[in-house]
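For the sequence shown, my numbering gives the first residue as 447, with consecutive numbering after it.
So the structure is just underneath, and the comments pick up after that.
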Amino acid sequence: MIGKLTATALVMIGVFAFLTPPSFAQNDRETICAEAWERYKTLELEPDYKAQPGEAVVLQYKYNFCPMTLTVKKGTTVRWINVDSRTSHSVWLKEKGEAESERFFPEESWGYVADETGKFPYLCGPHWKQEGMTGTLIVE
């Protein structure tokens with residue numbers, strides 16, 4: 447009897463986990479991104495890695511892009527800034543056919559001019575498969 451009860455309980459837990467909406471992940475991402483923006487405010491970035499006026503910013507932190515989806519006007523420079531403390535990242539607009547950026551390290555950045563309208567998924571080359579580090583750039 448105990449074996450059947452345990453098996454039933456495990457099935458119910460699995461069904462519950464499957465049916466539970468992914469709000470936990472969203473809340474985690476919001477918390478992580480809030481931490482990223484706080485960290486960004488405290489960094490003393492080298493001039494070459496700071497966002498310039500008119501540039502859009504995406505932060506890279508704890509295997510996340512913050513924001514995950516960014517909408518900009520055509521011609522805008524998007525600057526991805528690594529605010530992690532130890533991990534290097536890249537940006538790869540793979541589906542657009544763009545070459546992957548070089549890896550950039552904490553407190554470094556990489557800029558890209560959004561020169562074509564459309565919706566462009568991108569990823570972090572070293573972290574997209576195992577960590578799910580992906581984002582979307584929408585250019586209007």
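By construction, the Cβ of each residue, glycine as well, lies at the ideal position given by its N, Cα and C atoms.
Proximity winner among the options, relative to residue i (alpha-carbon distances)
i	options	result
Q506	T522, K520, Y568 and E492	Y568
A545	T533, E553, C570 and E554	C570
K487	L539, D530 and P572	D530
C479	E492, V504 and T582	V504
G521	W483, F550, Y558 and F551	Y558
F551	W526, K575 and E541	W526
E484	T582, G500 and C512	C512
T523	P499, K565 and F566	P499
K519	E562, T582 and D474	E562
Exposure of residue i, with buried meaning 16 or more beta-carbon neighbours within 10 Å
i	result
N588	Past the boundaries of the shown model lies residue 588; the chain is included only from 447 to 586, so the question cannot be answered.
CB-CB length for residue i against residue j, believed under 8 Å
i	j	result
A560	V537	Going by Cβ atoms, the distance from A560 to V537 rounds to 12 Å, so no, they are not a contact pair.
A502	L516	6 Å
Own chain partners of residue i with C-beta closer than 6 Å, once the 5 adjacent residues on each side are dropped
i	result
E547	In the sequence under discussion, the amino acid at residue 547 is Ser, which differs from the Glu named in the question. Hits under 6 Å: S536, V537 and W556.
Y495	E554 and S555
T580	L569 and W574
P493	none
T582	T515 and P567
S541	According to the sequence displayed, residue 541 carries Glu and not Ser. Within the same chain, E541 has close Cβ partners P567.
Range covered by the beta strand (DSSP E) that runs through residue i
i	result
K575	Not the beta strand (DSSP E): K575 falls in the alpha helix (DSSP H), residues W574 to E577.
C512	N510 to C512
W556	S555 to V559
R525	T523 to N528
G571	Segment: none, G571 is in no beta strand (DSSP E) and carries neither H nor E.
Chain B within 7 Å of residue i, Cβ atoms only
i	result
K496	Although the question refers to chain B, the structure presented lacks it and comprises just one protein chain.
Spatial neighbours of residue i in its chain, beta-carbon cut-off 8 Å, leaving aside the 5 residues before and after
i	result
E577	Y509 and C570
P572	S534, H535, S536 and R549
7 Å Cβ shell around residue i - same chain, five flanking residues per side excluded
i	result
A482	L505, Y507, C512 and V529
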